[in-house]
Amino acid sequence: MAAAANINNEEKSGMKLAFCLFEYFPFGGMQRDCLRIAQACSAAGAEVNILTREWHGDMPENIRVIVLPTTAMSNAKKVSLFVDQAQQVIKDEKYDGVVGFSKMPGLDLYYAADPCYLDRVNPKYGIFYKLTRNYRTYRAFEEAVFGEDTSTQLMLINPQQKEVYQTHYKTPDDRFSILPPGIQRDRCAPIDYTHKRIASREGLSLSLDTKLVLFVGSGFKTKGLDRALNAMAQLPEHLKQNTELWVAGDDDAKPYQKQIKKLKLTNRVHFLGGRNDVSELMLAADALLHPAYSENTGTVLLEAMVAGLPVVATQACGYADYIKEAQGGIVIPEPFSEQRLVQSLEVVLNHAQPWRDNGIQFGLNKDIYSLVEQAQELIFDTVRTKSC
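Our numbering puts the first residue of the sequence shown at 4, with every later residue one more than the last.
As structure tokens, then:
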């Protein structure tokens, strides 16, 4: 798809858009992107409605949220019922364009925050799984978006996923647009970084000799919290005794308490829940540990680097190559090695300053900020083209 042209305000006014996603919660990366793009479209003159099964958190200004609750035994049935309701609303409301943040039929554009479903499940499950409602539903929804004969325009945030989708669905090249990352500029290290870092650590009651490792993200299992705990336990004893792991994310800590007790980390691991002050935590921390099993992008990796926080992450993260380019941390290659993770965390904790400086400099020179603006222009351009 060609780069979007600028649309004047007169053309933008009166445009009515539906944004569809299965569930909104304020600590999800895709959910935050959805809301930010919706707000950008609204600010540019469009009327934006968000259609969702569940909404957790404050309601946005100037955007109508339409909650379509569903009740069923399986997730696949719930999303199928939501899609049926959403399509009826779309028909009744006569939207000019429909933008999906979850895969479903009937979209004009899809924001690809999730990796390819078929590529993820086919190697893991056998023939019997392919007979389940889950598999049939999610495959059909994905094919409705990426299928060779559909017309949905595709906004990719992980360029590597283009080839993956084309392998499964033969999606034409001209339907893909690659968006840059979209972190917010206020995540960058402040000019008085050193002073603010000292003040932040004092505010969190961290002593000068305490090393703080930060784990950020909802979805502890996918993002590799078990790996992070194992790495903490295997640090050299003198380092481990002066290092804490703080876990910020909206997920259940209970499944990890047994592992923490077994590893004798009870006093070294702290669960903070979902947080709105992650930038302050990054300012105070000594390393971001993100050993994900799967991560389509990993916006938090970039936020950490430009804030001056060294990163240790796995190659499974879509944005891992930015870490290499910036030299803002260490990437653990595939196949995953626990020993290499431990060694890398130790190196970063003991020699943080070069990684800090590199990440901050990278944030000054690289466009990793314009995702929202480019997505808004692509949406407007697609809807305008559709109406011609």
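The beta-carbon is built from N, C-alpha and C at its ideal position, and this holds for glycine as well. The model shown is predicted, which means the values in this text are computed figures rather than measured ones.
For residue i, I'd like the list of residues in its chain whose CB is within less than 8 Å of its CB, leaving aside the five on either flank, ordered along the chain.
i: N137; result: S77, N78 and A79
i: K389; result: D99, G100 and D111
i: P72; result: R56 and E57
i: E240; result: none
i: Y372; result: P183, P184, G185, I186, Q187 and R188
CB-CB under 7 Å to residue i, same chain, minus the five flanking residues each way: which ones, in chain order?
i: Y172; result: E146, F149, G150 and E151
i: N65; result: S45
i: E14; result: The predicted model places E14 with a pLDDT of 48, which falls under 50 and marks its position as unreliable; any figure quoted below should be read in that light. Answer for E14: R387, listed in chain order.
i: F85; result: F25, R56, L71 and T73
i: K199; result: P193 and L286
i: R142; result: Y120 and L121
If I'm right that residue i touches residue j with Cβ under 8 Å, what's the distance once you round it to whole angstroms?
i: E349; j: L238; result: 6 Å
i: P294; j: L344; result: 6 Å
i: C191; j: V309; result: 5 Å
i: C23; j: G129; result: C23 to G129, Cβ: 32 Å. No contact.
Could you give the DSSP three-state label for residue i: helix, strand or coil?
i: L232; result: helix
i: I201; result: helix
i: L291; result: strand
i: E337; result: coil
i: Q156; result: strand
i: H241; result: helix
i: A115; result: strand
i: P286; result: Pro is not the amino acid found at residue 286; the sequence shown has Leu there. If DSSP states are grouped into helix, strand and coil, L286 belongs with the helices.
i: S180; result: strand
i: E26; result: strand
i: R67; result: strand
i: H59; result: coil
i: E145; result: helix
i: L54; result: strand
i: L247; result: The sequence given here places Glu at residue 247; Leu does not occur at that position. Strand, per DSSP.
i: E298; result: strand
i: H273; result: strand
i: A316; result: strand
i: F218; result: strand
i: G366; result: helix
i: G109; result: coil
Just to confirm my understanding: we take residue i, look at its own chain, exclude 5 residues before and 5 after, and list those with CB closer than 6 Å. What are they?
i: K94; result: none
i: R67; result: N52
i: G252; result: G220 and S221
i: V375; result: R39, I40, A43 and G185
i: Q393; result: Because residue 393 is not part of the residues shown, which for the chain are 4 to 391, the question remains open.
i: L312; result: M285, A288 and L291
i: P336; result: Q318
Measuring alpha carbon to alpha carbon, tell me which residue in the options is nearest residue i.
i: N233; options: Q260, K214 and G252; result: Q260
i: K226; options: G301, L157 and C23; result: G301
i: L121; options: Y113, F104, T140 and M18; result: T140
i: Q244; options: D254, K267, D229 and R142; result: K267
i: N279; options: L20, P29 and C23; result: P29
i: I69; options: A75, G48 and Q91; result: Q91
i: P118; options: Q356, Q169 and Q379; result: Q169
i: Q377; options: A329, D36, C23 and T174; result: D36
i: L20; options: E50, Y27, L381 and Q34; result: E50
i: Q346; options: P338, V315, N368 and N361; result: V315
May I ask whether a heavy atom of the ligand FMN can be found less than 7 Å away from the beta carbon of residue i?
i: L312; result: Ligands are entirely absent from the displayed structure, and the ligand FMN is therefore not among its contents.
Is the Cβ of residue i closer than 8 Å to any Cβ of chain C?
i: R67; result: Absent from the structure is chain C; it holds one protein chain and no more.
So, do the stretch 185–203 and the stretch 212–229 have three or more beta carbon pairs nearer to each other than 8 Å?
no
Count Cβ pairs between the stretch 315–322 and the stretch 153–165 that sit closer than 8 Å; are there 3 or more?
yes
Contact between the stretch 270–286 and the stretch 199–214 (3+ Cβ pairs under 8 Å)
yes
Quick check: the stretch 178–187 against the stretch 251–258, are at least 3 beta-carbon pairs closer than 8 Å?
no
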